[in-house]
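> The structure's right below; bear with me while I get my questions together.
Numbering (full-length UniProt numbering), first residue to last: 1 to 671.
What follows is the structure, encoded as structure tokens:
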């Protein structure tokens, strides 16, 4: 990557964790704090290594269409990359004869620009203030702002502070001289680190203008002439130019074209995404294979000397610089290019670098001459199904996509997306909050295993809800699952032990046929729910339905039908409750369930001339009756009204409406 220009070193304002004494990537700062330890993050200027992920911004966006990932994860990546189409507009500071470009998505509002703002990190801020009566004030403001995180500075609710630079720039569309400010709500990381401020049509600029008593202009008409700031569409007004009266979306293109002709601007695309900062001042990390020479600069470690191995250290606690710097014998080397004295790079890589390509190494882990063999990796990759938390959306998952594309372009692999399908699991919460030791709401599985058994604990975790959604822990839910498993065991105990294997009985009718049909339905349902959908909660629910049917019809059911249903239920629940499942099958069939094939549904048993009609009153189930599959809606309503347990809830009540779901239920709404 270094040789291809994808890895480079430069001084940059970086997020610094004072507790861990190391640099953090933007993605590792949450609400202004270190995601690792929670310490408030500071901003420092340091020489750091970066990977040029921005070179792949468009491909990372476009290729989301090639992969089967949850849409919300794709949206998170799109938003993080943040592609914006707009214009780069040049403002000139005549006093110093310096041009300052800005990126804007709203060139149609240029006539409303009343001041110009630069980020505290902008390299020209102190130069602009030098020699003015604002120099000391600007320097103090910049120093303070540099210690604050971007999250804090960008907060919408935060008062908009800033200091005048004592200079002006020229608005290129009307020649007006507008004052220049430095303000911490402008970030160096977006655009050029400077903005044209349009307080009549931007919330943050409006707040700053009010706080500093700056002019506010309306240059886009609001149909209702409402309060400013107004960010909607309308005709341009009060511009004093040929653009007055032009719809702003048309004026957008016309203004950019005019700027382009005059050499004062052009169409441009900007990205929120920034190059990946990988330098870390930690011992535990992959060494950066670079040697620094006073004459040759940064030189890659020769391939024959790879991999670089970490030296053994007695002390690798954080000290504000890499612990490796203290390993003088390891640091001191000869330059591979000129042979003069040189030093190794002492920063290590962000551990996300390792997780960005581990899956490639896994395919060829025994290879001791190269990271992987191309043919071997191509035969295995890409990953068919990847499972991980949504918290990795803009970290590991984005970095891995970038890394794969980069090594693909080097000819080292034949594919450019690492994970064909992605499934993101939800989180189990307690009382609506993420579990944490500090909140004292962590649930220990030991208690539930001791009280209810491992099968119950495992089944409840899978049954608690759709696996891609968060779910709140409930002790009542645990008890419910325990009752279900206990009912399956009691049913097995009521039946005579058997040693004849697993067989579907033939020649059945009535309740026995219904139970066997239900068992086959459960096989079909559980198999479908588990195959690719990971819907374990509905799979377990289907087994619950089967057990309920067995208990409902057991009085008129032949023992062999119940035996088949119980064995089927135990077989289907075996992946979730292996102890109970294996015991039931052993008791009723005399076989080891783990040696048996997965059950197959009998197609004939899935076809039926009848179905179970669920009968409801005001949404509550009151009865279930057998109904012909070809029954009309009127016939289904009549069957529901005639059901024994329905009549007591309908007599003397006024019917508001009747809802029929063909093949499933009738709901009669009364008052």
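Ideal Cβ placement from N, Cα and C applies to all residues, glycine included.
Taking residue 84 as part of the beta strand (DSSP E), name the residues at either end of that continuous run.
Here residue 84 is taken as the residue at index 84 of the chain shown, counted from 1. Segment 84-93, the beta strand (DSSP E) holding residue 84.
> Please tell me whether residue 531 has its Cβ less than 8 Å away from any Cβ of chain C.
Going by chain labels, chain C is absent from the structure shown, which holds only one protein chain.
> Taking residue 201 as part of the beta strand (DSSP E), name the residues at either end of that continuous run.
The count along the chain shown starts at 1 and reaches residue 201 at position 201. Neither: residue 201 is in no beta strand (DSSP E) and is coded neither H nor E.
> For residue 447, name the three-state secondary structure that DSSP assigns.
Taking the first residue of the chain shown as 1, we reach residue 447 at position 447. Residue 447: helix per DSSP, three-state reduction.
> Residues bridged to residue 362 by DSSP?
Start at 1 with the first residue of the chain shown, and residue 362 comes out as number 362. Bridge partners of residue 362: none, in fact.
> For the stretch 262-319, which segments carrying the beta strand (DSSP E) assignment without a break, of at least 3 residues, lie completely within its bounds, in sequence order?
Complete beta strand (DSSP E) runs here, min 3: 265-270, 290-293 and 297-300.
> So the candidates are 657, 669, 18 and 478; which of them puts its Cα closest to the Cα of residue 317?
As a position in the chain shown, residue 317 is number 317, starting the count at 1. It is 18 whose Cα lies nearest to the Cα of residue 317.
> Please check the pair residue 249 and residue 233, which I expect to be a contact at CB under 8 Å, by giving their CB distance rounded to whole angstroms.
Here residue 249 refers to the residue found at position 249 when the chain shown is read from its first residue. Here residue 233 refers to the residue found at position 233 when the chain shown is read from its first residue. Right, the Cβ-Cβ distance comes to about 6 Å (below 8 Å), so this counts as a contact.
> Do you know how far the Cα of residue 92 is from the Cα of residue 98?
For this step, residue 98 is matched to residue 98 along the chain shown. For this step, residue 92 is matched to residue 92 along the chain shown. Their backbone Cα atoms lie some 6 Å apart in a straight line.
> By DSSP, does residue 645 sit in helix, in strand, or in coil?
On the chain shown, residue 645 is found 645 positions in, with the first residue counted as 1. Correct three-state label for residue 645: helix.
> Are the beta-carbon atoms of residue 113 and residue 180 separated by less than 8 Å?
If you number the chain shown from 1, residue 113 lands on position 113. If you number the chain shown from 1, residue 180 lands on position 180. Their beta carbons are not under 8 Å apart, which means residue 113 does not touch residue 180 by this criterion.
> Apart from the five residues on each side of it in sequence, which residues of its chain come closer than 7 Å, Cβ to Cβ, to residue 178?
Working through the chain shown from its first residue, we reach residue 178 at position 178. Same-chain partners within the cutoff: 113, 114, 115, 116, 168, 169 and 171.
> Apart from the five residues on each side of it in sequence, which residues of its chain come closer than 7 Å, Cβ to Cβ, to residue 449?
For the purposes of this step, residue 449 is taken as the residue at position 449 of the chain shown. The residues are 457.
> Got a sec? Which residues, its chain only, sit under 8 Å from residue 39 by beta carbon, not counting five neighbours each side?
Translated into the one-based positions of the chain shown, residue 39 becomes position 39. 17, 18, 19, 20 and 33, listed in sequence order.
> Specify the secondary structure class of residue 473 as computed by DSSP and reduced to three states.
Residue mapping note: residue 473 aligns to position 473 of the chain shown, counting from 1. Reduced to three states, the DSSP call for residue 473 is coil.
> Going by C-alpha to C-alpha distance, which of 627, 453, 622 and 635 sits closest to residue 669?
Working through the chain shown from its first residue, we reach residue 669 at position 669. That would be 622, whose Cα lies nearest to the Cα of residue 669.
> May I ask you to verify whether the stretch 77-85 touches the stretch 266-274, counting CB pairs closer than 8 Å and requiring at least 3?
In short, these stretches touch, since the Cβ pair count reaches three.
> Which ranges does the beta strand (DSSP E) cover as unbroken runs of at least 3 residues, wholly within the stretch 458-527, from first to last along the chain?
You should have found no qualifying run.
> Taking the continuous alpha helix (DSSP H) assigned at residue 582, which residues delimit it?
Reading the chain shown from its first residue, position 582 is the one you call residue 582. It spans 578-589 - the alpha helix (DSSP H) in which residue 582 sits, taken as one unbroken run.
> I'd like the span of the alpha helix (DSSP H) that includes residue 145, first residue to last.
By 1-based counting over the chain shown, the position of residue 145 is 145. From DSSP, the alpha helix (DSSP H) with residue 145 extends over 135-145.
> Which residues bound the beta strand (DSSP E) around residue 49?
Working through the chain shown from its first residue, we reach residue 49 at position 49. That run of the beta strand (DSSP E) goes 42-51.
> Please classify residue 573: does DSSP put it in a helix, a strand, or coil?
Residue mapping note: residue 573 aligns to position 573 of the chain shown, counting from 1. In the structure shown, residue 573 sits in a helix (DSSP, three-state: H, G or I).
> For residue 613 and residue 521, which I take to be in contact (beta-carbon distance under 8 Å), what is that distance rounded to the nearest angstrom?
On the chain shown, position 613 is the one that residue 613 refers to. On the chain shown, position 521 is the one that residue 521 refers to. Residue 613 to residue 521, Cβ: 15 Å. No contact.
> Could you check if residue 358 is buried or exposed, using at least 16 other CB atoms within 10 Å of its CB as the buried criterion?
Within the chain shown, numbered from 1, the residue matching residue 358 stands at position 358. With fewer than 16 Cβ atoms within 10 Å of its Cβ, residue 358 is classed as exposed.
> Decide if the stretch 632-644 is in contact with the stretch 592-610; the criterion is three or more beta carbon pairs, one per stretch, under 8 Å apart.
These segments do not touch.
> Residues in its own chain within less than 8 Å of residue 230 by CB, not counting five upstream and five downstream?
Looking up residue 230 in the chain shown gives position 230. Closer than 8 Å at Cβ, skipping near neighbours: 200, 201, 218, 220 and 222.
> Would residue 616 be called buried (16 or more neighbouring beta carbons within 10 Å of its own) or exposed?
Counting from one through the chain shown, the residue named residue 616 turns up at place 616. Label assigned to residue 616: buried.
> Pull the bridge partners of residue 17 from the DSSP assignment, please.
Along the chain shown, read from residue 1 onward, the residue named residue 17 stands at position 17. Residue 17 is bridged to 22.
> Closer than 8 Å is the cut-off here; do at least three beta carbon pairs connect the stretch 287-305 with the stretch 339-356?
Segments in contact, yes.
> Rounded to a whole number of angstroms, what is the C-alpha to C-alpha distance between residue 129 and residue 156?
As a position in the chain shown, residue 129 is number 129, starting the count at 1. As a position in the chain shown, residue 156 is number 156, starting the count at 1. Between residue 129 and residue 156, the C-alpha separation is close to 27 Å.
> Examine the Cβ distances between the stretch 579-592 and the stretch 491-499 and report whether three or more of them are shorter than 8 Å.
Yes, since at least three Cβ pairs between the stretch 579-592 and the stretch 491-499 fall closer than 8 Å, the two stretches touch.
> Using DSSP with H/G/I as helix, E/B as strand and the rest coil, what is residue 196?
For the purposes of this step, residue 196 is taken as the residue at position 196 of the chain shown. Correct three-state label for residue 196: strand.
> Which same chain residues end up closer than 6 Å to residue 52 when comparing Cβ atoms and leaving out the 5 residues on each side of it in sequence?
Along the chain shown, read from residue 1 onward, the residue named residue 52 stands at position 52. Result list for residue 52: 6 and 275, in chain order.
> Could you give the first and the last residue of the continuous alpha helix (DSSP H) run that contains residue 354?
Your numbering for residue 354 matches position 354 in the chain shown. Per DSSP, residue 354 belongs to the alpha helix (DSSP H) from 351-355.
> Here's the rule I'm using: 16 or more other beta-carbon atoms within 10 Å means buried, otherwise exposed. How should residue 502 be labelled?
Walking along the chain shown from the start, residue 502 turns up at place 502. Residue 502 is buried by the Cβ-count criterion.
> With DSSP run on the structure shown, which of helix, strand or coil describes residue 112?
Sequence index remark: in the chain shown, residue 112 carries index 112 (1-based). Looking at residue 112 - three-state DSSP - the assignment turns out to be helix.
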